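These notes concern the structure reproduced below.
In this note's numbering, the protein residues as written are 1358 to 1551.
In structure tokens, the structure reads:
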């Protein structure tokens, strides 16, 4: 309901009866908002960034939208869905949208990050993962804004300390996904001697 949108209670005041009334209306989520933006602006590239996608059960979050992730040669969804709540909402927001099915247009990109070393997060199944292109991002202290911050009490740069620590951990057989990343500590933490 948070990602796509869903029916949520809306409170209103009936002037005739003087009573509060509850109705249920579709409230859009970031996916639906971005989809409408892409539909409304076909010449504009629209992207939606999902941070740490594996922190949620992707099958539950995506629901029937999952089918739209298969893209054709031009980048549009190969398949369509008929989600009446989302479709009705799109048609209210974009009156010139005349379709009776939903698809992701070619100008709409989904970008997600994922930390594979996090424990206790949801595992994504291969059917979901094969619909994405993966790019491995290695540990890189050179791009960290804290790389030159000196650790309080040691006067050693964070980059130098962390790289030596990771080398020592690697020599002990610790896997890469268990090593210290550049943002393990924030700048103010590095400057705090205690």
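Backbone N, C-alpha and C fix where the C-beta goes; we use that ideal spot for every residue, glycine too. Quick caveat, the model's predicted, so the values are computed rather than measured.
Quick check on residue 1368 - is its C-beta less than 8 Å from some C-beta in chain D?
Reference to chain D is not applicable here, since this structure consists of a single protein chain.
Would you say residue 1523 touches the ligand PLP, meaning its beta carbon is less than 7 Å from a heavy atom?
For the ligand PLP, the structure offers nothing, since it holds no ligand at all.
Could you check the C-alpha separation between residue 1527 and residue 1549 for me, to the nearest Å?
So the two alpha carbons sit approximately 27 Å from each other.
Unbroken beta strand (DSSP E) run spanning residue 1362, endpoints
Counted as a single uninterrupted DSSP element, the beta strand (DSSP E) harbouring residue 1362 occupies residues 1362–1371.
Closest to residue 1449 by C-alpha separation, out of 1382, 1529, 1423, would be which residue?
Nearest neighbour of residue 1449 by Cα position, chosen from 1382, 1529, 1423, turns out to be 1382.
Span of the beta strand (DSSP E), counted from its first residue to its last, around residue 1410
Unbroken run through residue 1410: none, as it is neither H nor E.
Whole-Å CB distance - residue 1539 paired with residue 1497, under 8 Å assumed
Contact annotation, residue 1539 with residue 1497: C-beta distance approximately 7 Å; criterion of less than 8 Å satisfied.
Spatial neighbours of residue 1438 in its chain, beta-carbon cut-off 6 Å, leaving aside the 5 residues before and after
Only 1421, 1424, 1459 meet the Cβ criterion.
Outcome for residue 1440 when other beta-carbon atoms lying within 10 angstroms are tallied against a minimum of 16:
It is buried - the Cβ of residue 1440 has at least 16 other Cβ atoms within 10 Å.
In terms of DSSP beta bridges, what is residue 1513 paired with?
Looking at the DSSP assignment, residue 1513 forms a beta bridge with 1508.
Local conformation of residue 1536 per DSSP, three classes
Residue 1536 falls in the coil class under three-state DSSP.
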